[in-house]
Amino acid sequence: MKILFDHDVFTYQEVGGIARCYSELIGQMEKLMPGSCSLGFKFTNTSYLYQLGLAERFRLHHYPFGNRLLAKQLFFRINRILFYQAVRRNDFDLLHLTFYPAPEIRAMTSKPIAVTVHDMTPEIYPELFPGAEKWIAAKKFWCHHANLILTVSDHTRKDLLRIFPDIPQDKVHRVYNAGGFPPGLTAELDLPKPYLLYVGGRKNYKNFLPMFTALIPVFHEYENLHLICAGGGSFSSEEKQLIQNTGLTERVMQLNLDEAGLAELYRQATALIYPSLYEGFGIPILEAFSRDLPVLLSNRSCFPEIAGEAALYFDPENSDSIVETVRRILTEPELRSEQVQRGRMRLKDFSWEKSAREMLAFYQQYL
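If you read the sequence shown in this note's numbering, its first letter stands for residue 14, the second for the next number, and so on.
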């Protein structure tokens, strides 16, 4: 069995959840079944491919930055040519698309095609994604024309079938993501403690500003409590203004760190707080579990499915609920210890090897 992967995610994402998922899964599939994966491109700056030794294995090359956007556009075109050539050579058994490319690819091969749907956020919150109509249409096209659809949670599977009700249910299957940091990964960081940790983007559906607003009384009550935001870019002008107006400029910060730094950020935190209204999976949950960090979660979307009883939940649209949950983790050490133990146990339910085995089994059904 040989699975061909396209270039899309590996051209545009140097780091990012989707690129990491595909990199980890390809790495595990190659361990389980050497030679089972083929990459239809040669140029990538996706860091995970280099960290996992896959760039060397598949003879991939960095592309120079120069003008970053122009470089990506140029090497996207080059990779697309290489990918189309790989499709026409027909030396594969199944094609797995990493995003939702041009429909013309469907006519280029009679081989089975798989796609992975990571979430349905643009369809559920279209007002937050202006100009995404073309991308949404491409997703819908591939959900209808792919032979196999994989989703990263049961919640995402249900959303997909609800929003696209004419898609046959029997071709949509769930394969969980995984996550976590390897033991011993550490970095030297001088961090203010205690702090709550927020990881990732802060778009509207992430519910960051309402969460922060709800917690203002808690920050004034606990005068040494900080909030550290990892990734997601610098604070917006609106975020800066709110932080400044509340007098918390010295206690709220945004950091961009490498993998070792992020692992250390989890290790030293008091709790991870994840207030999103919607997610497809939520890898930061598993990252927190792997660093013995209690997790405070929105009770919406896929979160209860992924974390189970290993998290404390709050209503993300109820300020009192958010405050009560944070206060509990700050004041109840026995509860904290209990949640850490539950997180360790829950983490055992997820692994990239397990997910890769499931993917290979689903591929086999369509060959």
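Just so you know, even glycine gets a beta-carbon here, dropped at the ideal spot from N, CA and C.
If you draw a straight line from the Cα of N269 to the Cα of E27, it is about 14 Å long.
Our two residues, D333 and Y211, have alpha carbons roughly 19 Å apart in a direct line. Three or more Cβ pairs closer than 8 Å define a contact, and the stretch 55-64 falls short of that threshold against the stretch 104-124. Per DSSP, H157 is not a residue of any beta strand (DSSP E); the alpha helix (DSSP H) it occupies stretches across E146 to H158. When rounded, the separation of the alpha-carbon atoms in G274 and Y291 is 27 Å.
Look at Y326 here: in three-state DSSP terms it is strand. Contact between the stretch 17-27 and the stretch 112-119 is established, with three or more Cβ pairs separated by less than 8 Å. Cα atoms of V130 and K153: separation of roughly 10 Å, rounded to the nearest angstrom. Nearest neighbour of L299 by Cα position, chosen from F194, L73 and Q86, turns out to be F194. Taking E140 as reference, the option from D167, V165, G192 and K216 with the minimal CA-CA separation is K216. Judged by DSSP secondary structure, H186 falls within the beta strand (DSSP E) whose first and last residues are V185 to R187. Comparing alpha-carbon positions, the option among R313, L45, R349 and R341 lying closest to A323 turns out to be R349. At the C-beta level, E37 and W365 come within 8 Å of one another. For the options Y189, I118, G295 and V165, the alpha carbon positioned closest to that of F96 is the one of I118. In its chain, beyond the 5 residues on either side, K153 and C156 have a beta carbon closer than 7 Å to the beta carbon of F177. Collapsing the DSSP output to three states places S250 in a helix. Straight-line measurement puts the Cα of Y326 at about 20 Å from the Cα of F232. S311 has F327 as its beta-bridge partners, per DSSP.
In the three-state reduction of the DSSP assignment, Q267 falls in the strand class, which pools E and B.
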